[in-house]
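For reference, the structure discussed in these notes is given below.
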Amino acid sequence: MSKKGVLLVNLGTPDSPEVKDVKKYLDQFLMDGRVIDIPKFNRTLLVKGIIVPFRSLKTSKLYKEIWDEKGSPLLYYSKIQTQLVQEKLGDDYQVELAMRYQNPSIESALERLKAGLVESIKVIPMFPQYASASTGSVMQLVMELVSKWQTIPPISFVNSFHDNNLMLEVFAENATKHQPETYDHVLFSFHGLPERQLLKCDHTGNYCLKNDDCCETLNDTNKFCYSAQGHHTASLIAAKLGLSKDKYTVCFQSRLGKEPWVQPYTTDVLKKLAAEGKKRLLVFSPAFVADCLETLYEITVEYHEEFKALGGEHVQLVESLNDHPKFIEALVELAKN
Numbered sequence: 085m086s087k088k089g090v091l092l093v094n095l096g097t098p099d100s101p102e103v104k105d106v107k108k109y110l111d112q113f114l115m116d117g118r119v120i121d122i123p124k125f126n127r128t129l130l131v132k133g134i135i136v137p138f139r140s141l142k143t144s145k146l147y148k149e150i151w152d153e154k155g156s157p158l159l160y161y162s163k164i165q166t167q168l169v170q171e172k173l174g175d176d177y178q179v180e181l182a183m184r185y186q187n188p189s190i191e192s193a194l195e196r197l198k199a200g201l202v203e204s205i206k207v208i209p210m211f212p213q214y215a216s217a218s219t220g221s222v223m224q225l226v227m228e229l230v231s232k233w234q235t236i237p238p239i240s241f242v243n244s245f246h247d248n249n250l251m252l253e254v255f256a257e258n259a260t261k262h263q264p265e266t267y268d269h270v271l272f273s274f275h276g277l278p279e280r281q282l283l284k285c286d287h288t289g290n291y292c293l294k295n296d297d298c299c300e301t302l303n304d305t306n307k308f309c310y311s312a313q314g315h316h317t318a319s320l321i322a323a324k325l326g327l328s329k330d331k332y333t334v335c336f337q338s339r340l341g342k343e344p345w346v347q348p349y350t351t352d353v354l355k356k357l358a359a360e361g362k363k364r365l366l367v368f369s370p371a372f373v374a375d376c377l378e379t380l381y382e383i384t385v386e387y388h389e390e391f392k393a394l395g396g397e398h399v400q401l402v403e404s405l406n407d408h409p410k411f412i413e414a415l416v417e418l419a420k421n
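Per the numbering used here, the very first residue in the sequence shown carries number 85; after that it's consecutive.
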C-alpha cells in the first residue's frame with residue numbers, strides 16, 4: 085500500500101562546532117536571498133567578504149558552549165521529533181527530517197521520499213510563525229527541487245501554526261513549572277527580522293509600520309506577517325497563563341547590522357525593565373520548536389548576564405517544545421490534516 089510522505093524541516097546547524105563547519109553553515113545560510121534580501125553581488129561581498137570571515141570564530145565558540153555529547157541540541161531534538169512522529173503515524177506514513185541549511189539536506193530527504201514511492205508529500209516547516217526568510221525559503225527550495233522531477237506527486241505545505249492549541253499548551257505548561265507569578269515580568273522574545281522584510285509582506289503597501297500597534301491584532305492585511313503572528317502567539321500563551329497585558333512584553337532578538345529591525349529589541353526591553361526596578365524575568369522564545377543557540381546561549385547566558393549587569397537578578401528561559409508529547413501530537417495532526 086502506498087505511503088504518505090511527511091517532511092519536517094528545521095533551520096539547520098553546523099555539522100560540528102568547529103570553525104570550518106561553522107563557516108560552511110553561515111555561508112549557506114546567509115547567502116540565501118530570502119535571508120539577506122539584497123542584490124546577490126552586494127550579498128556576496130557582505131557575506132563572503134565580511135560576515136563569514138569575521139564572525140565564524142566567535143560563532144564557533146558560542147556553538148561549543150551548547151554542544152554536548154549528543155551533539156547539536158537542535159539536531160538532537162529534531163531527530164527525536166521525527167522518530168516520535170513516525171511512531172505515532174505508523175506504517176501508512178514515511179516521515180523524513182531535513183534542515184534548510186547543511187545536513188540532512190532537503191534534497192536528500194526528498195530523494196528518500198521519492199525512493200519510498202510515496203503518494204503525496206506534506207511539508208511542515210518547523211517555524212510556528214511564517215517568515216519569508218524561514219518558511220518561505222523552505223517552500224521555495226522544495227518547489228525548485230521537485231520541479232525537476234518527471235513525476236510530481238501532490239505536495240502541500242503548512243504555512244504556519246502560530247495559533248496551534250497543543251503548541252500553546254506546551255509553552256504554558258513549561259512556564260508553569262517556573263511559577264510565573266514569582267517573576268516581575270514576562271518576555272516573549274522572538275527572533276528578529278529586518279523591517280524591510282515585514283514591509284515586503286504588506287501587499288497593500290499602506291499598512292505595515294504605519295502605526296506603532298499595527299502588529300498587535302491579526303487581520304486580513306497582516307495575516308502572513310511574522311511580527312503580527314508572533315504577537316498573536318504571545319497573547320494566546322499569556323491568556324492561558326492569565327497574564328494581563330501590562331505583565332508581558334513582546335520583543336525581538338538577534339539583529340544583525342545597523343539598519344532597523346523589528347522592534348522593540350530585547351536588549352532595549354531589558355534596560356527598560358531594569359530601570360523600572362524589575363529583578364526577575366521569565367522569557368519565552370516561541371519562534372523555535374527546539375532549544376538551540378538562540379535560546380540556550382543568547383537568552384540563558386547573554387541576556388541573563390546583561391540583565392544582572394543592569395541591576396537585575398535573574399533571567400529564566402522557558403524550555404522550548406522539544407520532545408513534549410503534546411507537541412508531537414500537534415505535528416501528527418498537522419501531518420494528517
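Backbone N, C-alpha and C fix where the C-beta goes; we use that ideal spot for every residue, glycine too. None of the values given here were measured: they were computed from a predicted structure.
Helix, strand or coil for residue i per DSSP?
i: tyrosine 424; result: Outside the displayed span of the chain (85 to 421) sits residue 424, for which this structure offers no information.
i: arginine 196; result: helix
i: tyrosine 214; result: coil
i: aspartate 116; result: coil
i: proline 209; result: strand
i: phenylalanine 372; result: coil
i: glycine 341; result: coil
i: isoleucine 383; result: helix
i: phenylalanine 308; result: coil
i: isoleucine 122; result: coil
i: isoleucine 236; result: coil
i: tyrosine 161; result: helix
i: serine 189; result: strand
i: phenylalanine 241; result: strand
i: proline 101; result: coil
i: glycine 326; result: coil
i: glycine 314; result: helix
i: threonine 166; result: helix
Using a Cβ cut-off of 8 Å (strictly closer), state whether residue i contacts chain B.
i: proline 370; result: The structure shown contains no chain B; it holds only a single protein chain.
Check the C-beta distance from residue i over to residue j and give it rounded, since I have them as a contact under 8 Å.
i: glutamate 378; j: histidine 275; result: 6 Å
i: glutamate 279; j: leucine 293; result: 6 Å
i: isoleucine 208; j: leucine 418; result: 6 Å
i: glycine 320; j: aspartate 247; result: It is leucine, not glycine, that sits at residue 320 in the sequence shown. Contact holds; Cβ gap of about 6 Å.
i: phenylalanine 88; j: glutamate 203; result: Reading the sequence as shown, one finds lysine at residue 88 and not phenylalanine. That belief holds up - the Cβ atoms of lysine 88 and glutamate 203 are roughly 6 Å apart, short of 8 Å.
i: threonine 305; j: glutamine 213; result: Their Cβ separation, rounded to whole angstroms, is 16 Å, which puts threonine 305 and glutamine 213 out of contact at 8 Å.
i: valine 385; j: lysine 331; result: With a Cβ gap of about 25 Å, valine 385 and lysine 331 do not count as contacting.
i: alanine 258; j: glutamate 403; result: Looking at the sequence shown, residue 258 is not alanine but asparagine. Contact holds; Cβ gap of about 5 Å.
i: valine 90; j: tyrosine 160; result: In fact, because the Cβ distance is near 20 Å, the residues do not count as touching under 8 Å.
i: aspartate 99; j: glutamine 186; result: 6 Å
i: cysteine 299; j: cysteine 309; result: 6 Å
From the DSSP secondary-structure annotation, give me the bridge partner or partners of residue i.
i: threonine 333; result: Leu271
i: glutamate 76; result: Absent from the structure is residue 76, since the part of the chain shown begins at 85 and ends at 421.
i: glutamine 224; result: DSSP lists no partner for glutamine 224.
i: asparagine 94; result: Met183
i: leucine 365; result: His269 and Val399
i: tyrosine 177; result: Lys88
i: glycine 155; result: Asp152
i: tyrosine 349; result: Phe336
i: serine 204; result: Lys88
Assign residue i to one of two classes, buried (16 or more other C-beta atoms within 10 Å of its C-beta) or exposed (fewer than that).
i: tryptophan 345; result: buried
i: asparagine 421; result: exposed
i: methionine 85; result: exposed
i: glutamine 313; result: buried
i: lysine 261; result: exposed
i: asparagine 249; result: exposed
i: glycine 84; result: Any question about residue 84 goes unanswered here, given that the chain covers just 85 to 421.
i: proline 123; result: exposed
i: serine 328; result: exposed
i: histidine 398; result: exposed
i: threonine 266; result: exposed
i: aspartate 375; result: buried
i: histidine 315; result: buried
i: histidine 408; result: buried
i: serine 218; result: buried
i: glutamine 337; result: buried
i: serine 192; result: exposed
i: lysine 142; result: exposed
i: lysine 107; result: buried
i: leucine 340; result: exposed
i: asparagine 295; result: exposed
For residue i, which of the options has the nearest alpha-carbon?
i: aspartate 352; options: Val226, Tyr387 and Leu141; result: Tyr387
i: aspartate 116; options: Leu225, Ser192 and Val179; result: Leu225
i: lysine 410; options: Asn306, Glu253 and Asn303; result: Glu253
i: alanine 182; options: Ser244, Ser162, Tyr214 and Ala322; result: Ser162
i: proline 348; options: Phe272, Leu405 and Ile164; result: Phe272
i: glutamine 281; options: Lys148, Lys232, Leu114 and Val119; result: Val119
i: methionine 227; options: Gly174, Lys206, Gln400 and Glu417; result: Lys206
i: valine 373; options: Glu180, Val179 and Met251; result: Met251
i: leucine 283; options: Ser100, Thr128 and Ser311; result: Ser311
i: asparagine 396; options: Lys142, Arg364 and Leu325; result: At residue 396 the sequence reads glycine, which differs from the asparagine that was named. Here the closest residue by C-alpha is Arg364.
i: asparagine 243; options: Phe255, Val230, Val222 and Gln234; result: Val222
i: serine 189; options: Arg139, Ala215 and Gly96; result: Gly96
i: aspartate 105; options: Ser156, Gly200 and Ala322; result: Ser156
i: phenylalanine 368; options: Leu129, Ala256 and Asp268; result: Ala256
How about residue i: is its Cβ closer than 7 Å to a heavy atom in the ligand PLP?
i: histidine 408; result: Within the structure as shown, the ligand PLP is missing, as the structure has no ligands at all.
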